[in-house]
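Quick notes on the structure that follows.
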Amino acid sequence: MLRTVALAGRATRSLPRATRSLASQAAPAQPQPPAEPKTEGSVATTFGEKSDVPAAVEPQHVVTADVVSGAPKQLRHRVVRIYKPTPTTMQSGGSRNPGWRIDWDTAVGGGRWENPLMGWASSADYMQGTRMSFSTKEDAMRFADKQGWDYYVQAEGVQRIPPKNYAENYVYKPNTLRIARTK
1 MLRTVALAGR ATRSLPRATR SLASQAAPAQ PQPPAEPKTE GSVATTFGEK
51 SDVPAAVEPQ HVVTADVVSG APKQLRHRVV RIYKPTPTTM QSGGSRNPGW
101 RIDWDTAVGG GRWENPLMGW ASSADYMQGT RMSFSTKEDA MRFADKQGWD
151 YYVQAEGVQR IPPKNYAENY VYKPNTLRIA RTK
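Start counting the sequence shown at 1; every next residue gets the next number (the UniProt record's numbering).
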């Protein structure tokens, strides 16, 4: 039982001696309990009487994102419109409503022209076809503030659903061609 095991060309201790040495080097029988943190006001200190944790600092002003993003300066004070689009006529419920959107107004002197070959309408305004969706109006307003854009919020339209009656399709109306095409 006291034979030597060779691993990777090196001789090691015999197996019973190795297990005995591991048992003697085991962790102490009783683990040390963690030190209770001392509280000083509302800040907990663990390593001493002085706190190493800085207090929360409120920002003095919001730095606009275009300062660090590299966005062109022409985009800084562009006016954006925040609105809630009306649902399409193919939607029966409100579950697929896109929420609130941001899009850019047409720039004055945006360089609009019509392509003479194809007849396509073109523009030099690169933000004209861009739009972004948000779940709430406040999220869209906060994003526009953070980007440094001027904005206005378009009032949300109220859906007016006229009452409909299926029997109206078959009511006799003289001199009119109806949907059922009976006259």
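We treat Cβ as the ideally placed atom computed from N, Cα and C, and that holds for glycine.
query = Given that a residue counts as buried once 16 or more other Cβ atoms are within 10 Å of its Cβ, and exposed if not, what is V108?
reply = Exposed, by the Cβ-count rule.
task = Assign S122 to one of three DSSP states: helix, strand, or coil.
result = Here S122 sits in strand by DSSP.
task = Ignore the nearest five residues each way along the sequence and tell me which others in P72's own chain have a CB closer than 6 Å to its CB.
result = Counting only Cβ-Cβ distances below 6 Å, and skipping sequence neighbours, we find nothing.
ask   = Which value, in whole angstroms, describes the spacing of the CA atoms of P163 and Q154?
value = So the alpha carbons of these two residues sit roughly 27 Å apart.
task = Would you check if there are 3 or more beta carbon pairs closer than 8 Å linking the stretch 146-160 to the stretch 108-128?
result = Between the stretch 146-160 and the stretch 108-128 there are fewer than three C-beta pairs closer than 8 Å, too few to call the two in contact.
Alpha-carbon spacing of Q147 relative to T136, whole angstroms = Roughly 17 Å separates the two Cα atoms.
ask   = With which residues is S133 paired in a DSSP beta bridge?
value = According to DSSP, S133 bridges with R101.
request  = Alpha carbon to alpha carbon, how far is V171 from M132? Give it in angstroms, no decimals.
outcome  = Each residue's Cα considered, the two are about 47 Å apart.
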